[in-house]
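This report concerns only the one structure given below.
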Amino acid sequence: MPSPHDQLFRTLFAQPNLAASLLRGLLPKGLVAGLDLDRLAVCDGEFPAVGKGGRRADLVCEVPWRDGLQPAAHVVVLCEHQSRPDRWMALRLSEYAHGVWARHRRDHKRAKQVPLVIPLVVHNGRRPWRTRLSLLDLQAGGAHFKAAIAPFVFDGQFLLDDLPTVQDQALRARAMAAAAELGLRAMRDARGDLARSLREAKALFLQVEQSPSGLAALCAVIRYCLLVGEADTRAVLTDEIAPALDPEPQEAVMTAADMLKAEGREEGLRLGLEQGLE
38 MPSPHDQLFR TLFAQPNLAA SLLRGLLPKG LVAGLDLDRL AVCDGEFPAV
88 GKGGRRADLV CEVPWRDGLQ PAAHVVVLCE HQSRPDRWMA LRLSEYAHGV
138 WARHRRDHKR AKQVPLVIPL VVHNGRRPWR TRLSLLDLQA GGAHFKAAIA
188 PFVFDGQFLL DDLPTVQDQA LRARAMAAAA ELGLRAMRDA RGDLARSLRE
238 AKALFLQVEQ SPSGLAALCA VIRYCLLVGE ADTRAVLTDE IAPALDPEPQ
288 EAVMTAADML KAEGREEGLR LGLEQGLE
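Quick note, the sequence shown lines up with residues 38 to 315 if you use our numbering.
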């Protein structure tokens with residue numbers, strides 16, 4: 038069963054407009070300039086050939102190039118959410134990349150090239166990411182002879198959005214859709230002072246409410262905050278955020294909060310989420 042963090046990430050960024058907003062804020066500007074992110078498509082993330090039972094990437098986006106740029110295939114961005122650092126992440130992403138290439142070769146028999154694959158990790162752990170970012174650093178001897186062997190070995194380095202190190206100003210500077218910014222903010226502060234963070238982000242809730250597909254995104258973020266937050270977080274949502282919202286999302290907040298309380302799930306939920314929150 039996915040953790041609340043995984044569930045929020047997948048729910049929000051399964052919406053193509055929010056996935057495009059995320060990538061605009063994280064990919065290198067030179068690459069973004071060449072991509073038509075308005076035509077981004079969210080694709081199947083299942084790779085049956087990977088591992089014993091197959092694995093599913095959290096988010097796979099296929100993005101065409103802008104008019105005038107005509108490579109043989111679209112760009113594929115592999116996005117993974119992590120609640121804690123994983124030293125083997127570069128290896129996992131390389132397996133996904135090979136899955137993308139194998140699927141492309143299977144479906145395009147006459148293709149002379151495979152898609153450009155960009156691996157990206159969004160991390161919202163308690164502490165900053167300190168482990169390896171590339172396959173080269175995982176290979177025995179790779180760190181010692183990096184300069185000499187780099188041209189000849191598969192590196193597999195990935196982009197990292199290390200949310201614990203991202204300040205409010207830097208998050209706003211990405212100019213993402215309000216729902217994307219609010220979702221990342223909530224994930225970043227889930228292990229800190231989430232109540233304060235939500236109080237400071239009240240204007241974002243109102244922006245999300247007025248945006249396309251805003252109600253679904255708003256409900257996903259609110260449910261997440263109710264699941265991972267303490268009593269003060271729930272108080273901010275029910276007493277300060279909800280009254281400022283339209284009736285439908287306001288009712289969703291109160292209903293979700295009442296359900297958690299009525300079912301007596303607070304302590305059980307805390308225990309059940311303990312591993313995912315560490």
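Note that beta-carbon positions come from the ideal geometry of N, C-alpha and C, so glycine has one too. None of these values were measured; they are calculated from a predicted model.
Name the DSSP bridge partner or partners of residue 102?
-> Looking up residue 102 in the sequence shown gives position 65. Per DSSP, 72.
Among 276, 268 and 99, which residue has its Cα nearest to the Cα of residue 151?
-> Working through the sequence shown from its first residue, we reach residue 151 at position 114. The residue with the shortest Cα to Cα distance from residue 151 is 99.
May I have a chain-ordered list of the beta strand (DSSP E) segments no shorter than 3 residues that lie completely inside the segment 141 to 197?
-> The qualifying runs are 153 to 160.
Delimiting residues of the alpha helix (DSSP H) encompassing residue 117 | Stepping through the sequence shown from its first residue, residue 117 is reached at position 80. Counting along the chain, residue 117 falls outside any alpha helix (DSSP H), though it belongs to the beta strand (DSSP E) covering 112 to 119.
On the three-state DSSP scale, how would you describe residue 324?
-> Residue 324 is absent from the structure shown; the chain starts at 38 and stops at 315.
Residue closest to residue 168, alpha-carbon to alpha-carbon, out of 199, 144 and 155 | In the sequence shown, the residue the question calls residue 168 occupies position 131. That would be 199, whose Cα lies nearest to the Cα of residue 168.
Would you be able to state if there are at least three C-beta pairs under 8 Å between the segment 42 to 57 and the segment 219 to 226?
-> These segments touch.
Residue range of the unbroken beta strand (DSSP E) whose run includes residue 79 = Taking the first residue of the sequence shown as position 1, residue 79 is located at position 42. From DSSP, the beta strand (DSSP E) with residue 79 extends over 78 to 80.
Classify residue 269 as helix, strand or coil using the three-state DSSP reduction.
-> Against the sequence shown, residue 269 aligns to sequence position 232. Taken through DSSP and simplified to helix, strand or coil, residue 269 comes out as helix.
Take residue 235 and list the residues in its own chain whose beta-carbon comes closer than 6 Å to its own, dropping the five residues that flank it on each side.
-> Sequence index remark: in the sequence shown, residue 235 carries index 198 (1-based). Closer than 6 Å at the Cβ level, and outside the excluded window around residue 235, lie 273.
Buried or exposed for residue 186, please, with buried defined as at least 16 other CB atoms from any protein chain shown within 10 angstroms of its CB.
-> Start at 1 with the first residue of the sequence shown, and residue 186 comes out as number 149. Under this definition residue 186 is an exposed residue.
Would you mind sorting residue 125 into buried or exposed? The rule is 16 or more other CB atoms within 10 Å of its CB.
-> Taking the first residue of the sequence shown as 1, we reach residue 125 at position 88. Counting Cβ neighbours within 10 Å, residue 125 comes out exposed, since fewer than 16 surround it.
List in chain order: all unbroken beta strand (DSSP E) runs of 3+ residues lying wholly within the segment 194 to 249.
-> 196 to 199
CB of residue 255 within 8 Å of CB of residue 246, strictly = Numbered from 1 along the sequence shown, position 218 holds the residue referred to as residue 255. Numbered from 1 along the sequence shown, position 209 holds the residue referred to as residue 246. Cβ atoms of residue 255 and residue 246: closer than 8 Å.
Have a look at residue 214 and residue 249 and give me their C-alpha separation to the nearest angstrom.
-> Looking up residue 214 in the sequence shown gives position 177. Looking up residue 249 in the sequence shown gives position 212. Rounded to whole angstroms, residue 214 to residue 249 spans 10 Å at the Cα level.
Rounded C-alpha distance that separates residue 144 from residue 290 | Sequence index remark: in the sequence shown, residue 144 carries index 107 (1-based). Sequence index remark: in the sequence shown, residue 290 carries index 253 (1-based). The straight-line gap from Cα to Cα measures roughly 45 Å.
Alpha-carbon spacing of residue 134 relative to residue 194, whole angstroms = Against the sequence shown, residue 134 aligns to sequence position 97. Against the sequence shown, residue 194 aligns to sequence position 157. Going by the C-alpha atoms only, they are around 12 Å apart.
Go ahead and label residue 307 buried or exposed: buried means 16 or more other beta carbons lie within 10 angstroms of its beta carbon, across all protein chains shown.
-> Position 270 of the sequence shown, counting from 1, holds the residue named residue 307. The predicted model places residue 307 with a pLDDT of 44, which falls under 50 and marks its position as unreliable; any figure quoted below should be read in that light. Classification of residue 307: exposed, given that the 10 Å Cβ count is below 16.
Hey, quick one: how far does the alpha helix (DSSP H) through residue 362 stretch, first residue to last?
-> Nothing about residue 362 can be reported from this structure: the residues present for the chain run from 38 to 315 only.
In whole angstroms, what is the alpha-carbon distance linking residue 120 and residue 280?
-> As a working mapping, residue 120 is identified with position 83 in the sequence shown. As a working mapping, residue 280 is identified with position 243 in the sequence shown. The alpha-carbon atoms of residue 120 and residue 280 are separated by roughly 31 Å.
Verify whether the separation of the beta carbon atoms of residue 94 and residue 82 is less than 8 Å.
-> If you number the sequence shown from 1, residue 94 lands on position 57. If you number the sequence shown from 1, residue 82 lands on position 45. Yes, the Cβ-Cβ distance between residue 94 and residue 82 is below 8 Å.
With a CB to CB cut of under 6 Å and the five nearest residues on each side skipped, what residues in its chain are close to residue 113?
-> The count along the sequence shown starts at 1 and reaches residue 113 at position 76. Answer for residue 113: 99, 137, 152 and 154, listed in chain order.
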